[in-house]
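Shown next, in structure tokens, is the structure this report addresses.
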Amino acid sequence: MEATVATRAAPTRLLVAAAAGAAVALALGVYGNVHDPSQELVFTLFFSTTISMKVWFATLSVAFAVVQVATALWMYGTLRVQAPDWTGGLHRISGKLAFLSTLPVAYHCLWSLGFQDTDTRVLVHSTLGCAFYGAFVAKVTIVRSRSLPGWALPVAGGLVFAVLVLAWYTSAVWFIGEQGWPDV
Amino acid sequence: MLRGVDRVLAIVSVAAAAAVVIMLFAGPQVVAEDKPAPSAGAGQAVFTENCGSCHTLSRAGTSGQVGPDLDSVSLGPEEIQEIVSGGTGSMPSFEGKLSDAEISDVAKFVAGPDYSSSGR
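So this is what it looks like as structure tokens:
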């Protein structure tokens, strides 16, 4: 009986996670579209320019995300080496650091530039930027849900990672390819 | 040790995300109060909408850093019009995205009001 309830509840929980993610992605896209882009530089933190800050933070985020994926593979036994006790902690910490590293970048993108479609790359990047936070919210919702199918979390995590890497590729990697690594 | 760091980071992540959301809505109003009143002109509007995210131009109040700093570029309206229409380097062509009149307006705006009188 309990198993039946859990089985029935799983699709609902997955739908809730997907809906939450879609709502966040859509909300960011709408915000980027309707608000008047300031075109202003708000902060550079300790970097020389805003673009430098964005390239480095985005790259840092991907680096942390790689650590998170690697530790996830380790914990799931894919690396065929017993994962030590600290792997779970490192996995969670690297994920949070990856998320935190994206925030200054996303803030500047959304507030200063908005959702743009001046060319294919920019449109793809704008879409992926919004989709990243949607996928992130869906993944966090799945992490905090119980009785979900075993494939749900790896798929959600893989999706977040893929979207982040593509968003980084269509912005920071593109910029580095055009103008080289920016000074810190 | 790792658990403690993780807990702190969880709180920091939630607080930072909340701060970003608040700044997304509060930021534009705060900066708008400090902005100088924009000068009239269709070219400025076209520039701000389409070019400012990549180019710095103090007259437009933009500070994009992807493309060249237009405060330090001295080109005539015709050269600018050609670049805007055809694109150059990583800059895309705006032909088809902007009307001929908009391209002309923005070219005159970027060239600046002193262009014809100074004979640049």
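Chains as they are written, first to last, in the working numbering: chain B, 1442 to 1625; chain H, 3 to 122. In this text, a Cβ means the ideal position worked out from N, Cα and C, and glycines have one as well. This structure is a prediction, so every number in the text was calculated from the model and none was measured.
Close to Q67 (chain H), with beta-carbon spacing below 7 angstroms, are these residues of chain B in chain order: T1490, T1491, I1492.
Residues D107, V108, K110, F111 of the same chain have their beta carbon placed closer than 7 angstroms to that of G45 (chain H), with the five preceding and five following residues left out of the count.
Ranking B:R1521, B:L1501, B:L1541 by CA distance to the CA of A19 (chain H) puts B:L1541 first.
Using a Cβ-Cβ cut-off of 8 angstroms, S74 (chain H) is close to nothing in chain B; its nearest Cβ partner there is about 15 angstroms away. The beta carbon of D71 (chain H) lies closer than 6 angstroms to those of T58 in the same chain, with the five residues before and after it left out.
For the pair T1561 (chain B) and F1573 (chain B), the Cα-to-Cα distance works out to about 18 angstroms. Here the C-alpha atom of W1615 (chain B) lies approximately 12 angstroms from the C-alpha atom of I1492 (chain B). Per DSSP, V1507 (chain B) is one residue of the alpha helix (DSSP H) stretching across 1491-1516.
Secondary structure at T1559 (chain B): coil, using DSSP grouped into helix, strand and coil. Interface criterion met: the Cβ of T1559 (chain B) is under 8 angstroms from a Cβ in chain H. Taking 8 angstroms as the threshold, the shortest C-beta distance from D8 (chain H) to chain B falls below it. Put simply, of H:L11, H:L4, H:M25 the residue whose alpha carbon is nearest the alpha carbon of W1552 (chain B) is H:M25.
If you draw a straight line from the Cα of L1538 (chain B) to the Cα of L1605 (chain B), it is about 13 angstroms long. Between the alpha carbons of P1590 (chain B) and A1451 (chain B) lies a distance of about 7 angstroms. Assigned with DSSP and collapsed to three states, S65 (chain H) falls in strand. P94 (chain H) has a beta carbon lying within less than 8 angstroms of a beta carbon in chain B. A1547 (chain B) reaches chain H at V22, counting residues in chain order whose Cβ is nearer than 8 angstroms.
Counting along the chain, the unbroken alpha helix (DSSP H) around Q1620 (chain B) starts and ends at 1615-1620. In the three-state DSSP reduction, M25 (chain H) falls in the helix class (H, G or I).
A1613 (chain B) sits away from V22 (chain H), with the two beta carbons spaced by 8 angstroms or more.
Rounded to whole angstroms, the Cβ separation of I1583 (chain B) and L11 (chain H) is 19 angstroms, and the two are not in contact under 8 angstroms. Using a CB distance cut-off of 8 angstroms, V14 (chain H) counts as an interface residue toward chain B.
In this structure, G69 (chain H) sits near M93 (chain H), with a CB-CB distance shorter than 8 angstroms. In the three-state DSSP reduction, T58 (chain H) falls in the strand class (E or B).
At a beta-carbon threshold of 7 angstroms, the residues of chain H lying near I1534 (chain B) are L4, V7, D8, L11, ordered along the chain. The beta carbon of L1607 (chain B) sits closer than 6 angstroms to the beta carbons of L1569 from its chain, once the five residues preceding and following it are set aside; these are given in chain order. For A1579 (chain B), the closest of B:S1567, B:G1599, B:H1566, B:L1564 by C-alpha to C-alpha distance is B:G1599. Chain-order list of chain H residues neighbouring F1540 (chain B): S15, by C-beta distance under 7 angstroms.
Residues of the stretch 1572-1599 of chain B with a Cβ closer than 8 angstroms to any Cβ of chain H: none. Of all residues in the stretch 1463-1475 of chain B, only Y1472 place a beta-carbon less than 7 angstroms from a beta-carbon of chain H.
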